[in-house]
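The numbering of the sequence shown is the numbering used here, which starts it at 3 and goes up by one. C-beta: ideal position from N, C-alpha, C; glycine also. None of the values given here were measured: they were computed from a predicted structure. Step one of this worksheet: look at the structure below.
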Amino acid sequence: MRGASGPWAIVLSGGEGGALRPFIRRVLGLNRPTQYVPLLGPRSPLRQTLDRLALAVSTDRTVVSTVRSHTAYIAEAFQGCASPPYVLVQPEDRGTAAGALHPAHWIGRRDPDATVVIMPSDHFILGEATLMAQVLDAARALERHPGRVILLGAPATAPEGEDGWLEPGAPLDDDGALATVRRLWPRPPDAPVLAPDGLWNTAIVIARAAALVRLGEVAQPEMSARLARVGGFAGSDDEPAAVHQAYALMPHARLFGDLLARHPEHLAVWPLQRVTWSGLGTARRVADVLTRMRVRPDWAEPVDPSAIAV
3 MRGASGPWAI VLSGGEGGAL RPFIRRVLGL NRPTQYVPLL GPRSPLRQTL DRLALAVSTD
63 RTVVSTVRSH TAYIAEAFQG CASPPYVLVQ PEDRGTAAGA LHPAHWIGRR DPDATVVIMP
123 SDHFILGEAT LMAQVLDAAR ALERHPGRVI LLGAPATAPE GEDGWLEPGA PLDDDGALAT
183 VRRLWPRPPD APVLAPDGLW NTAIVIARAA ALVRLGEVAQ PEMSARLARV GGFAGSDDEP
243 AAVHQAYALM PHARLFGDLL ARHPEHLAVW PLQRVTWSGL GTARRVADVL TRMRVRPDWA
303 EPVDPSAIAV
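Laid out in structure tokens, this is it:
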């Protein structure tokens, strides 16, 4: 229902599948990004992400950030859905920074005090209710630290992570749940081997929309200025054209490598507990998740195991 309270959610669904896409074509015969493929069961990772968020965030406050080339996949994903989330369609893929900042501006215009949860659409989570409870705890911590951008860190189970990692710093609160970030290392090849106290970056972000917008103005001023100009046309017939113009010459930038990592002084890390997390960016990650879940989907039956773990 409209007017619900609580945090907003931004689901990043504009990625093209990267290293996993050839694997998806080979074993499922589908030529589409990871988030729209039922890899681990009947639900796609996008559907799993939305169901997970629905444990704590109203659908009316959920925004899927995607790109124009994905509109057919999005329409298929929400076919028959009585209460679909908002969908913000970017004219072009300008990277995850634009994928997050565009909806942050959009939400901020509607709710200036909004807290947002940014979540990728291609991850695996075991312990979803526990995760979302910790997301809400982290959101409440923003009442004490409104200018911080909180990243959820997962305990490392290997010395190298495909999604980069975080170096925690000093505790920010007496309970020690929230800490500063000494450094955010983006995904390889930029990231070195994990430090002894390092945490894997889950790419889940909790922040005030206004804090994200301000950080964007500092780290990506051209992108932010273009997105801010769209606000002058919000709700008018000219808004679609304004969005197209904003994206036409917008620089490509990564949310973590080109925005957040440049200003660790504004970051904080919340270490996840009692949650199993994994990205699904490579066939090896998918194989690891299937092993952990002790399931074998139909598509895996005829596939040589050596072909899965590549």
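- Spanning the alpha carbons of ALA140 and GLY200 requires a straight line of approximately 19 Å.
- For a cut-off of 8 Å, the C-beta gap from ARG256 to PRO188 is around 7 Å, short enough to register as a contact.
- Sequence-distant partners of VAL245 (beyond 5 residues in either direction) whose C-beta falls short of 6 Å from its own C-beta, in its chain, are VAL232.
- Segment contact: the segment 95-110 against the segment 12-21, three or more CB-CB distances shorter than 8 Å; contact assigned.
- Taking a contact as a CB-CB distance under 8 Å, the pair THR64 and TYR88 counts as one, their CB atoms being some 7 Å apart.
- At a Cβ-Cβ threshold of 7 Å, ALA221 and HIS265 count as neighbours.
- Setting aside the 5 residues that flank it on each side, GLY171 is surrounded in the same chain by ALA181, THR182, VAL183 and ARG184, each with a C-beta closer than 7 Å to its C-beta; the list follows chain order.
- Look at SER71 here: in three-state DSSP terms it is helix.
- By the neighbour-count criterion, in which a residue is buried when 16 or more other Cβ atoms sit within 10 angstroms of its Cβ, HIS254 is exposed.
- In the three-state reduction of the DSSP assignment, ARG63 falls in the helix class, which pools H, G and I.
- Within the segment 71-101, the runs of beta strand (DSSP E) at least 3 residues long that lie entirely inside it are, in chain order, 88-92.
- Take the alpha-carbon of GLY149 and the one of PRO122: they are about 22 Å apart.
- A residue is called buried when at least 16 other Cβ atoms come within 10 angstroms of its Cβ; ASN33 does not meet this threshold and is exposed.
- Taking the Cα positions, THR51 is about 32 Å away from ASP239.
- For GLU18, the secondary structure class from DSSP, reduced to helix, strand or coil, is coil.
- Burial is judged here by how many other beta carbons sit within 10 angstroms of a residue's own beta carbon; GLY283 has at least 16 and is buried.
- The Cβ-Cβ distance between LEU274 and ALA156 falls below 7 Å.
- With a beta-carbon spacing of about 16 Å, VAL119 and LEU217 fall beyond the 8 Å limit used to define contacts.
- With respect to GLY110, VAL215 sits close: the two C-beta atoms are nearer than 7 Å.
- Every alpha helix (DSSP H) of 4 residues or more that sits fully in the segment 124-182 is shown, in chain order, as 130-143.
- Approximately 5 Å separates the beta-carbon atoms of ARG54 and GLU130; this is inside 8 Å, confirming the contact.
- Distance from ARG276 to THR132 at the Cβ level is roughly 5 Å; contact confirmed, criterion being Cβ atoms closer than 8 Å.
- With a beta-carbon spacing of about 6 Å, ARG49 and ALA79 fall inside the 8 Å limit used to define contacts.
- Residue ranges of uninterrupted beta strand (DSSP E) with 3 or more members, entirely inside the segment 201-254 and ordered along the chain, are 201-210.
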